[in-house]
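> Be aware that the sequence shown starts at 1, since it is given in the UniProt record's numbering, and climbs by one per residue.
Ideal Cβ placement from N, Cα and C applies to all residues, glycine included.
Computed from a predicted structure; not experimentally measured.
Before I ask anything, let me first share the structure, which is written out below as structure tokens.
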Amino acid sequence: MRRSTDPADQRRHPARGPARGSVRAGERALAPDLGRGTMLLLIALSNTAFHLWAAEHGPSGWHPIDGSAVDRAVQFAMITALDLRTYPLFAFLFGYGMMSLYMRQTEAGASPRAGVALLRRRSLLLLAFGLAHAALLMAGDIIGAYGLSSLILGWLFLRRGQRTLLAWSGVGAAILLWSAVPAFTALATGDLGRIGAPATEAATAAYAAGETDPVAAAATRLQTWAFVTLGGGLLAFGSHALMLLGFWAARRRILEEPHRHLRLIGWTAAIGLTIGWSGGLLSALAHVGAIDVPPNAVGEEGALSRIQEVTGVPGGLGYVAVFALLAHWLRTRSRGGGHGVAVQAVAAVGKRSLSSYMAHSLMFSPLLAAWGLGLGATMGSAGMAAFAIGVWLVTVVGAYALERQGRPGPAEALLRRLMYGRPPEQRQSRGESQ
Numbered sequence: 001m002r003r004s005t006d007p008a009d010q011r012r013h014p015a016r017g018p019a020r021g022s023v024r025a026g027e028r029a030l031a032p033d034l035g036r037g038t039m040l041l042l043i044a045l046s047n048t049a050f051h052l053w054a055a056e057h058g059p060s061g062w063h064p065i066d067g068s069a070v071d072r073a074v075q076f077a078m079i080t081a082l083d084l085r086t087y088p089l090f091a092f093l094f095g096y097g098m099m100s101l102y103m104r105q106t107e108a109g110a111s112p113r114a115g116v117a118l119l120r121r122r123s124l125l126l127l128a129f130g131l132a133h134a135a136l137l138m139a140g141d142i143i144g145a146y147g148l149s150s151l152i153l154g155w156l157f158l159r160r161g162q163r164t165l166l167a168w169s170g171v172g173a174a175i176l177l178w179s180a181v182p183a184f185t186a187l188a189t190g191d192l193g194r195i196g197a198p199a200t201e202a203a204t205a206a207y208a209a210g211e212t213d214p215v216a217a218a219a220t221r222l223q224t225w226a227f228v229t230l231g232g233g234l235l236a237f238g239s240h241a242l243m244l245l246g247f248w249a250a251r252r253r254i255l256e257e258p259h260r261h262l263r264l265i266g267w268t269a270a271i272g273l274t275i276g277w278s279g280g281l282l283s284a285l286a287h288v289g290a291i292d293v294p295p296n297a298v299g300e301e302g303a304l305s306r307i308q309e310v311t312g313v314p315g316g317l318g319y320v321a322v323f324a325l326l327a328h329w330l331r332t333r334s335r336g337g338g339h340g341v342a343v344q345a346v347a348a349v350g351k352r353s354l355s356s357y358m359a360h361s362l363m364f365s366p367l368l369a370a371w372g373l374g375l376g377a378t379m380g381s382a383g384m385a386a387f388a389i390g391v392w393l394v395t396v397v398g399a400y401a402l403e404r405q406g407r408p409g410p411a412e413a414l415l416r417r418l419m420y421g422r423p424p425e426q427r428q429s430r431g432e433s434q
């Protein structure tokens, strides 16, 4: 029996399963896709330090301490503006997309329980995708962590009211701030060596970039992935706060209708980036030797490291606001017409963010890791950044080609098929991300 299309009838008899397929082309907003597409460039750049496995590392364990003046400049910029700032950006957009998917289902006639069940299936699938990604290529995979976060937060909060979402987002932010009180106290008193400890090994070791045995490298990657997934999925309170804020913002359609929220978006961009860059600046100055700090300060749980992490949350939110302002400006400039090829291509990457993210690893790991061609041993930070930009541009070209053909990314196609099954013809919508 064909389901009624009358909204009143749908409310009286909600569907027990998915009421429709994935988002259609006409329903997409530019800001989320443009944000995800640009975010993937930032993620590619921030991941470059993991592949510099032959470089000399300092007490932070992350960026090398050797290299040319250009390398040092690149390290300074990354520590200030990218490190621990791109994943909070992703958390907000991930939460925004979750709530948007849930609302599309319920507005099409699905019951709230069916909408939550669909997102639960999606979360479990993302966990499986993340596991495969880590086993084959990337220890620092974040798909699994956000799959676990969405599994828990979706169950608890998708059906909650706006005040509840804001309140619990505030709780997550408060927990994060409270955990950083010792770090801010150490900064205020000038006793930066009172907490933390220098890194005992380079972060590249946990990512198995320098491992020559492929099997041993895979085993290390899986161990790291389990730590990242459990820690990020359960204890990353800053990311949880931003995911819930993304739920709230999606209900208000802030990214679809930025013109209605320009004051909020503008202040968020200004305050968020000011806090985010200021917090990263301290670690960057310490890294290049512009300020003298104890090794503990930039090591594991060190004062400057914790400050950098905590300020990354408003920094990531500031980037979201910048992308929303950019999308608003582009839409106003086009006056209802189409956007240029560059904008369309970056947005096409955002529509295929899962495929593009995994494609990064497909190009990074076999070429750079010791178990592959080992090219990571020959590069410095600047060369690696150029390589990352090149990798991102390859995904831009590929995503735009798929966009022109009206086709989704391969990972999106598989995820959609596993989520919705084989839909009838009218529910298929090509070239679209979950």
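If we ignore side chains and look at the alpha-carbon of each, how far apart do P366 and V397 end up?
As a working note, residue 366 is residue 366 in the sequence shown. As a working note, residue 397 is residue 397 in the sequence shown. For P366 and V397, the distance between alpha carbons rounds to 21 Å.
> Between S169 and S100, what straight-line distance do the alpha-carbon atoms span, to the nearest angstrom?
Translated into positions along the sequence shown, residue 169 becomes position 169. Translated into positions along the sequence shown, residue 100 becomes position 100. So the alpha carbons of these two residues sit roughly 18 Å apart.
> Whose CA, out of V116, V293, E403 and L317, lies closest to the CA of L264?
Within the sequence shown, numbered from 1, the residue matching residue 264 stands at position 264. L264 has its Cα closest to that of L317, out of V116, V293, E403 and L317.
> Between which two residues does the alpha helix (DSSP H) holding P294 run?
Residue numbering aside, residue 294 sits at position 294 when the sequence shown is read from its first letter. No alpha helix (DSSP H) contains P294, which DSSP labels as neither H nor E.
> Taking 8 Å as the cut-off, decide whether the C-beta atoms of G210 and A54 are in contact.
In the sequence shown, the residue the question calls residue 210 occupies position 210. In the sequence shown, the residue the question calls residue 54 occupies position 54. Yes, these two residues count as a Cβ contact at 8 Å.
> For G421 and A226, I'd like the C-alpha separation in whole angstroms.
For this step, residue 421 is matched to residue 421 along the sequence shown. For this step, residue 226 is matched to residue 226 along the sequence shown. When rounded, the distance between both Cα atoms is 29 Å.
> Would you check if the distance between the CB atom of V322 and the CB atom of A399 is smaller than 8 Å?
Residue mapping note: residue 322 aligns to position 322 of the sequence shown, counting from 1. Residue mapping note: residue 399 aligns to position 399 of the sequence shown, counting from 1. Cβ atoms of V322 and A399: not closer than 8 Å.
> With DSSP run on the structure shown, which of helix, strand or coil describes R417?
As a working mapping, residue 417 is identified with position 417 in the sequence shown. DSSP places R417 in helix when its eight states are reduced to three.
> Less than 7 Å between C-beta atoms, sequence neighbours within five positions excluded: which residues of the same chain meet that for A81?
Numbered from 1 along the sequence shown, position 81 holds the residue referred to as residue 81. The residues are W277 and G280.
> Along the alpha helix (DSSP H) that carries L84, what are the first and last residues, could you check?
Mapped onto the sequence shown, residue 84 falls at position 84. Note, L84: premise wrong, no alpha helix (DSSP H); not H, not E.
> Of all Cβ atoms in chain D, is any one closer than 8 Å to the Cβ of H57?
The displayed structure is made up of one protein chain only, and chain D is not part of it.
> From A352 to A197, what does the alpha carbon distance come to, in whole angstroms?
Along the sequence shown, read from residue 1 onward, the residue named residue 352 stands at position 352. Along the sequence shown, read from residue 1 onward, the residue named residue 197 stands at position 197. It is worth fixing the name first, because residue 352 is Arg in this sequence and not Ala. So the two alpha carbons sit approximately 40 Å from each other.
> With C-beta atoms as the reference, is S381 less than 8 Å away from H63?
As a first step, residue 381 must be located in the sequence shown, where it is residue number 381. As a first step, residue 63 must be located in the sequence shown, where it is residue number 63. Yes; because the gap between Cβ atoms is below 8 Å, this pair is in contact.
> Answer yes if the segment 254-268 comes into contact with the segment 113-130, meaning at least three C-beta pairs across the two stretches below 8 Å, and no otherwise.
Contact between the segment 113-130 and the segment 254-268 is absent: fewer than 3 CB-CB pairs across the two stretches fall below 8 Å.
> Reducing DSSP to helix, strand and coil, say where P64 ends up.
Reading the sequence shown from its first residue, position 64 is the one you call residue 64. Looking at P64 - three-state DSSP - the assignment turns out to be strand.
> Let me confirm a value: R416 is counted as buried when at least 16 other C-beta atoms fall within 10 Å, else exposed. Which label applies?
Within the sequence shown, residue 416 is the residue found at index 416, counting from 1. By the neighbour-count rule (16 or more Cβ atoms within 10 Å), R416 is buried.
> So what's A110 in DSSP terms, helix, strand or just coil?
Counting from one through the sequence shown, the residue named residue 110 turns up at place 110. Looking at A110 - three-state DSSP - the assignment turns out to be strand.
> Can you give the beta carbon distance from A303 to A183, rounded, assuming they're within the 8 Å contact cut?
In the sequence shown, the residue the question calls residue 303 occupies position 303. In the sequence shown, the residue the question calls residue 183 occupies position 183. Distance from A303 to A183 at the Cβ level is roughly 4 Å; contact confirmed, criterion being Cβ atoms closer than 8 Å.
> According to DSSP, is A342 helix, strand or coil?
On the sequence shown, position 342 is the one that residue 342 refers to. If DSSP states are grouped into helix, strand and coil, A342 belongs with the helices.
> Going by Cα to Cα distance, which pick from I43, S150 and G190 is closest to R122?
Numbered from 1 along the sequence shown, position 122 holds the residue referred to as residue 122. Taking only the C-alpha atoms, the option nearest R122 is S150.
> Can you list, in chain order, the residues of its chain whose CB lies under 7 Å from that of V346, leaving out five sequence neighbours each side?
Position 346 of the sequence shown holds residue 346. Excluding the 5 residues flanking it on each side, V346 has same chain C-beta neighbours closer than 7 Å at L34, G37, T38 and V396, in chain order.
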